[in-house]
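Student: Taken in sequence, the protein lines are chains A and B. Residue 83 in this note's numbering sits at position 83 of the first sequence, with consecutive numbering throughout. Residue 249 in this note's numbering sits at position 134 of the second sequence, with consecutive numbering throughout. Handing you this structure, nothing more for now.
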Amino acid sequence: MTQANEIVLKQLGDITLLDIRGDITILSESFLNDAYADANNQGAGKILLKFEKEAYINSGGISVLIQLLAKTEQNNQTIGIIGLSDHFTKIFNMVGITKFAKIYKTREDALKAMS
Amino acid sequence: MTPASNEHSIEISLPSKIGYERIAIASSAALAKMGGVPAARIEDLKSAVAEACINAMQHGNQWRLEARVVVHMNLSEDRVVISVTDQGSGVSEVPEYPGITKIIEENISPRGLGVFLIQQLVDEVRYNQTVDGGHTMTMEIRLPK
């Protein structure tokens, strides 16, 4: 019943885009961790996480993201987020994700700010 | 505590399996829409119902597939009330969400996040223990006047 994840890595100048397709739940843990490991192994310093606007995100998925942010903090990486609905933008603010990652309205805004 | 029932009441019984919370999410969202709850508040309710169901499956029923999560939904003139009941044996309380800074800086597990979100997203939350040892979490969203 949970939509499977697909994560596509793209290099946009010095920014690594993780294009995350599907829902974000505890079942996304291995997909996200593997994609992050790939980006990290490629020496990514700036990572942009792109979510689907209609994605279902629950506390299990948010926990996975928080643990990913712990790794990016340790590795001094800059993280941006795009594609969130207004509702999940509010939730990411509530749980404090915006202390460690900046949410942008559009990909263009993110690329401009992070470059 | 038996929730009030009327012609606007719905009850569903879910297995303790991740993914089945979506049945409760869709049902509660449809009921809230019928009651005229604004779209943004329906999104709040959907997330709160998801977290309450997952909490009941995980902490109350400890993912035992045979243990059910019963979701009772009621629409009245001034509110939508959703109660989520597990079949007990698990813990009745989950740890308080420590906050993201503490989680990241002290490398601790991000626990208690679901209940934290529920408390932030609905107008009222109540907790009760059932006579057979389970737990009920009741959430309310008030309708706009």
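We put the CB at the ideal spot given by N, CA and C, even for glycine.
1) Could you give the distance in angstroms between the alpha-carbon of Lys50 of chain A and the alpha-carbon of Asn33 of chain A?
2) My understanding is that His174 of chain B touches Gly203 of chain B, with C-beta atoms under 8 Å, so please give their C-beta distance in whole angstroms.
3) I'd like to know whether the C-beta of Leu69 of chain A is nearer than 8 Å to at least one C-beta of chain B.
4) Would you be able to state if there are at least three C-beta pairs under 8 Å between the region 223–236 of chain B and the region 59–66 of chain A?
5) In angstroms with no decimal places, state the Cα-to-Cα distance between Lys148 of chain B and Ala37 of chain A.
6) Quick one: what's Tyr242 of chain B bridged to in DSSP?
7) Start and end of the alpha helix (DSSP H) containing Val164 of chain B?
8) Can you tell me which residues form a DSSP beta bridge with Met114 of chain A?
9) Short check: CB of Phe100 of chain A to CB of Ile219 of chain B, under 8 Å?
10) Distance check for Val152 of chain B and Ala139 of chain B, CA to CA, integer angstroms please.
11) For the putative contact between Glu255 of chain B and Val237 of chain B, defined by C-beta atoms under 8 Å, what is the C-beta separation to the nearest angstrom?
12) Just by C-beta distance, which residues in the region 87–108 of chain A are closer than 8 Å to chain B?
Tutor: Looking at the atomic coordinates:
1) Within the first sequence, the letter at position 50 stands for residue 50 of chain A. Within the first sequence, the letter at position 33 stands for residue 33 of chain A. When only Cα atoms are considered, Lys50 of chain A and Asn33 of chain A end up about 15 Å apart.
2) For the purposes of this step, residue 174 of chain B is taken as the residue at position 59 of the second sequence. For the purposes of this step, residue 203 of chain B is taken as the residue at position 88 of the second sequence. Not really, about 10 Å apart at Cβ, beyond 8 Å.
3) Reading the first sequence from its first residue, position 69 is the one you call residue 69 of chain A. Closer than 8 Å to some Cβ of chain B, the Cβ of Leu69 of chain A qualifies, so yes.
4) Touching, yes.
5) Counting from 1 along the second sequence, the entry for residue 148 of chain B is found at position 33. Counting from 1 along the first sequence, the entry for residue 37 of chain A is found at position 37. Distance from the CA atom of Lys148 of chain B to the CA atom of Ala37 of chain A, rounded to whole angstroms, is 42 Å.
6) Translated into positions along the second sequence, residue 242 of chain B becomes position 127. Residue pairing from DSSP places Tyr242 of chain B in a beta bridge opposite B:Met252.
7) Within the second sequence, the letter at position 49 stands for residue 164 of chain B. Ala154 to Asn170 is the extent of the alpha helix (DSSP H) around Val164 of chain B.
8) Position 114 of the first sequence holds residue 114 of chain A. BP columns for Met114 of chain A are empty, so no partner.
9) Counting from 1 along the first sequence, the entry for residue 100 of chain A is found at position 100. Counting from 1 along the second sequence, the entry for residue 219 of chain B is found at position 104. Between Phe100 of chain A and Ile219 of chain B, the CB-CB gap stays under 8 Å.
10) Here residue 139 of chain B refers to the residue found at position 24 when the second sequence is read from its first residue. Here residue 152 of chain B refers to the residue found at position 37 when the second sequence is read from its first residue. The straight-line gap from Cα to Cα measures roughly 17 Å.
11) Residue 255 of chain B sits at position 140 when you count from the first residue of the second sequence. Residue 237 of chain B sits at position 122 when you count from the first residue of the second sequence. Correct: roughly 6 Å between the Cβ atoms.
12) Answer set for the region 87–108 of chain A: His87, Ile91, Met94, Val95, Gly96, Ile97, Lys99 and Phe100.
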